[in-house]
Amino acid sequence: MRNQPDNNGFYGNFGGAYVPEILYKCVTDLQQSYQSILESESFKKEYHQLLKDYVGRPSPLYYARRMSEKYGCRLYLKREDLNHTGAHKINNTVGQILMARRMGKTRIIAETGAGQHGVATATVCALMGMQCEIFMGATDIERQHVNVERMRMLGATVHPVTTGNMTLSNACSEAIRDWCCHPQDTFYIVGSTVGPHPYPDIVARMQSVISEEIKYQLQEQVGRDYPDYLVACIGGGSNAAGTIYHYIEDERVKIYLAEAGGQGIDTDFTAATMHCGTEGVIHGARTLVMQTDDGQIKEAFSISAGLDYPGIGPMHAQLAQSGRTQVLAINDDETIYAGYELTRMEGIIPAIESAHAVAALSKIEFKSDDIVVLTVSGRGDKDVDTYLKNKALAKEYGNF
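So for the sequence shown, the UniProt record's numbering puts the first residue at 1; every next one is plus one.
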């Protein structure tokens, strides 16, 4: 199964657990216990009850009539933006906080870029009455200030990270440093399919509820349980993993993932890891990484705070390398235009991360009877300032 790692946490050449010695026991304990926790009936019952009654699942699968007419297909939007907290991230944090409690941990840490994972983590910590510390780059704190205040309102301590270009990768590094200092009582809730084994597998499993729902929702709406195309944005890869999880072995389904091209893959201002990366190690896993010839991590740049990560989850690295997924680099100007387009045509303001996926539609040739499912991973409330500041980019493509 290409969506599952081997016993050492590898998806083909990618994955594993490259961690400092002080974290070895933490990671090993998690490796040895996570499957039995996830497969226990008590966990599954509590997890699915919370997804239903607290998160508000299942999220709708919405037929986008006007966008379908424009792109010449039958376009359905998987509405993760309608979850509690406004994104897919809550699917994962609910599961991991239940794991942390079962492992006896009392302190939760997390990294965040766009703030959605930070908000989702702070939310479940408030729900469970647990201490919460969030690491966030100072650049992202400035451009995602609404989410910062939401985290603080929920009782979390937000730590500004001022190293590097002060974005998601730097926040991940700082969270790992903190974990090294507090290995006994701390559980690190990783927000994407990145990091040392077993985190990529844990996050993919938590998010697989997305494709699980797509299967039966399509069956109900169109009479079959698979689409012709799946489309999702990808940074570290959590919503993408959830969207494709139950379809990876189904060759009838074409998979397109949209990563952040920034100002272009031929510039130094990009976050298109699968276009520009090479094999290396970042944050505890071997994967594709944007790096210099001597192995130093490059800074990633994107208009999206949630996609400017210089690596990619190991499962996605393997799938892209094998040709199972097609990866498109979407530039900032294309993203802003697509965000306005979905807003004006369907009345749905997408997160800028999700707008990358919307922009991918113009780069794919569809037939009129093709069924296309696109995951709107988050809502755009947090990005209104960014949309307004960059509105001129959209005007190059249309009159908004």
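Even for Gly, the Cβ is constructed at its ideal location relative to N, Cα and C. Because the structure is a prediction, the values reported are computed rather than measured.
Exposed or buried, what is residue i when buried is set at 16 or more other beta-carbons lying within 10 Å of its beta-carbon?
| i | result |
| --- | --- |
| D332 | buried |
| H283 | buried |
| Y340 | buried |
| K45 | exposed |
| T139 | buried |
| A260 | buried |
| M153 | exposed |
| Y24 | exposed |
| P20 | exposed |
| Y216 | exposed |
| I141 | buried |
| T267 | exposed |
| R286 | buried |
| A64 | buried |
| A114 | buried |
| G323 | exposed |
| I214 | buried |
Cβ of residue i within 7 Å of Cβ of residue j?
| i | j | result |
| --- | --- | --- |
| T193 | A241 | yes |
| D371 | P227 | Here residue 371 is Ile; the residue named in the question, Asp, does not match the sequence. A contact, by the Cβ cut-off of 7 Å. |
| A394 | I348 | no |
| V376 | P350 | yes |
| G262 | S302 | yes |
| M248 | R66 | Rather than Met, the amino acid found at residue 248 in this sequence is Ile. Against a cut-off of 7 Å, the Cβ pair of R66 and I248 comes out as no contact. |
| T121 | I189 | yes |
| G12 | P5 | no |
| N91 | V209 | yes |
| Q144 | A305 | yes |
| S169 | Y309 | yes |
| Y62 | V373 | no |
| A338 | A258 | no |
| I109 | T186 | yes |
| P183 | C26 | yes |
| V158 | M166 | no |
| C132 | A156 | yes |
| G378 | A100 | no |
| H275 | A329 | yes |
| M206 | G95 | yes |
Could you check where the alpha helix (DSSP H) with residue i kicks off and where it finishes?
| i | result |
| --- | --- |
| Q318 | P314 to S322 |
| E259 | Segment K254 to G262 is the beta strand (DSSP E) holding E259; no alpha helix (DSSP H) there. |
| N239 | S238 to I244 |
| Y387 | V384 to K389 |
| T375 | Unbroken run through T375 is the beta strand (DSSP E), I371 to V376; no alpha helix (DSSP H). |
| L116 | According to the sequence displayed, residue 116 carries Gln and not Leu. Run containing Q116: Q116 to M128, per the alpha helix (DSSP H) assignment. |
| T273 | T273 to C276 |
So the beta strand (DSSP E) residue i belongs to, where does it begin and stop?
| i | result |
| --- | --- |
| I108 | R107 to T112 |
| M136 | Q131 to G137 |
| Q221 | Careful: Q221 lies outside any beta strand (DSSP E), inside the alpha helix (DSSP H) at V209 to V222. |
| L361 | Premise fails: L361 is in no beta strand (DSSP E) and is neither H nor E. |
| A232 | Y229 to C233 |
Residue i bridges to which residues according to DSSP?
| i | result |
| --- | --- |
| R344 | R344 pairs with nothing; no bridge assigned. |
| L393 | Note: L393 sits in no beta bridge, so no partner. |
| A285 | I282 |
| A329 | E259 |
| F10 | G15 |
| Q291 | I297 |
| R379 | P350 |
| G311 | V289 |
Can you determine whether any heavy atom of the ligand GDP sits closer than 6 Å to the C-beta of residue i, and answer yes or no?
| i | result |
| --- | --- |
| T375 | What this structure holds is no ligand at all, so the ligand GDP is not there to describe. |
Which runs of the beta strand (DSSP E) fall wholly inside the segment 19 to 94 and span at least 3 residues, in chain order?
61 to 63 and 74 to 79
At which residue ranges does the segment 148 to 201 contain complete alpha helix (DSSP H) runs of 4 or more residues, listed in the order of the chain?
168 to 181
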